[in-house]
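In my numbering, the protein residues as written are 126 to 286. Every residue, glycine too, gets a C-beta built ideally from N, C-alpha and C. For clarity, every value in this text was computed on a predicted model and none was experimentally measured. Structure record follows, encoded as C-alpha cells.
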Amino acid sequence: MNKLPKVLETKAKIRFQDCDPFNHLNNGNYINYFMNHREDALIEHYSLDIYKKAKLEGKSWVSSSNQIAYIKPALLMETVIIESQLIRFDDKNLLVEMRMFNKDKSHLKSIIWCGFAHFNLLNQKREIHNEKLMELFESVNKPVNSKSFEDRLYQLKPNFV
Numbered sequence: 126m127n128k129l130p131k132v133l134e135t136k137a138k139i140r141f142q143d144c145d146p147f148n149h150l151n152n153g154n155y156i157n158y159f160m161n162h163r164e165d166a167l168i169e170h171y172s173l174d175i176y177k178k179a180k181l182e183g184k185s186w187v188s189s190s191n192q193i194a195y196i197k198p199a200l201l202m203e204t205v206i207i208e209s210q211l212i213r214f215d216d217k218n219l220l221v222e223m224r225m226f227n228k229d230k231s232h233l234k235s236i237i238w239c240g241f242a243h244f245n246l247l248n249q250k251r252e253i254h255n256e257k258l259m260e261l262f263e264s265v266n267k268p269v270n271s272k273s274f275e276d277r278l279y280q281l282k283p284n285f286v
C-alpha cells in the first residue's frame, strides 16, 4: 500500500462572487475556500467522503472551532495554493491546519486552525472515532511545533511575509 500524504495540496481560483469591492477575497469566504479544499482533498487522497459517510452511517464531523489570520489579500482571479494537514487528534476530535499561498508559495495569504468534532447525526451526540479512523489519523497526522495558533502564526510569518 502506498504511503498516504500528510500534507494535502490543491489549487483554487478566486472568483468574483467571493470578493469584496476592493477585489479581495471577502474575509468570510476564506473559510469556504479552505473547507472546499479539505473536502475535495480528503476524497482524492484518503477516499474519505464525509457526506457519503454521513448518509450511509449517520456519522460525520461538525466544525467546533476556527482560528484564522489574514496576512495578505487573495485577489480576484488569482490562482492560490491551499495546503492542509491534520495536526492533532483524539478519540472524538480533529485539529486541522490549512494555509493559503500565492501560486508559487512564496507568500502566505492566510492560515486557519479548524477544530472538528466527530458527531452522530442520528442521536445528535459526539461520537468516538472507530479503530479504522484512528489508524488513518495516526498515519497522516503531522503535528506542528507550536502549542497555540498565535505561536504558529509567529513561527510562519517570517518565512512567507
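Of the choices the options, whose alpha-carbon is the least far from that of residue i?
i: residue 233; options: 224, 239, 240; result: 224
i: residue 285; options: 148, 229, 200; result: 229
i: residue 261; options: 280, 208, 237, 170; result: 170
i: residue 268; options: 196, 190, 185, 209; result: 209
i: residue 280; options: 168, 236, 257; result: 236
Does the distance from the CB of residue i to the CB of residue j come in under 9 Å?
i: residue 211; j: residue 131; result: yes
i: residue 133; j: residue 166; result: yes
i: residue 160; j: residue 214; result: no
i: residue 241; j: residue 188; result: yes
i: residue 270; j: residue 201; result: no
i: residue 127; j: residue 143; result: no
i: residue 221; j: residue 238; result: yes
i: residue 186; j: residue 274; result: no
Using a 10 Å radius around the Cβ and a threshold of 16 neighbouring Cβ atoms, would you call residue i buried or exposed?
i: residue 181; result: exposed
i: residue 150; result: buried
i: residue 141; result: exposed
State the DSSP-derived secondary structure class of residue i, mapped to helix, strand or coil.
i: residue 244; result: strand
i: residue 140; result: coil
i: residue 223; result: strand
i: residue 118; result: The shown model of the chain, from 126 to 286, leaves out residue 118, and the question about it has no answer.
i: residue 211; result: strand
My understanding is that residue i touches residue j, with C-beta atoms under 8 Å, so please give their C-beta distance in whole angstroms.
i: residue 216; j: residue 253; result: 5 Å
i: residue 183; j: residue 246; result: 5 Å
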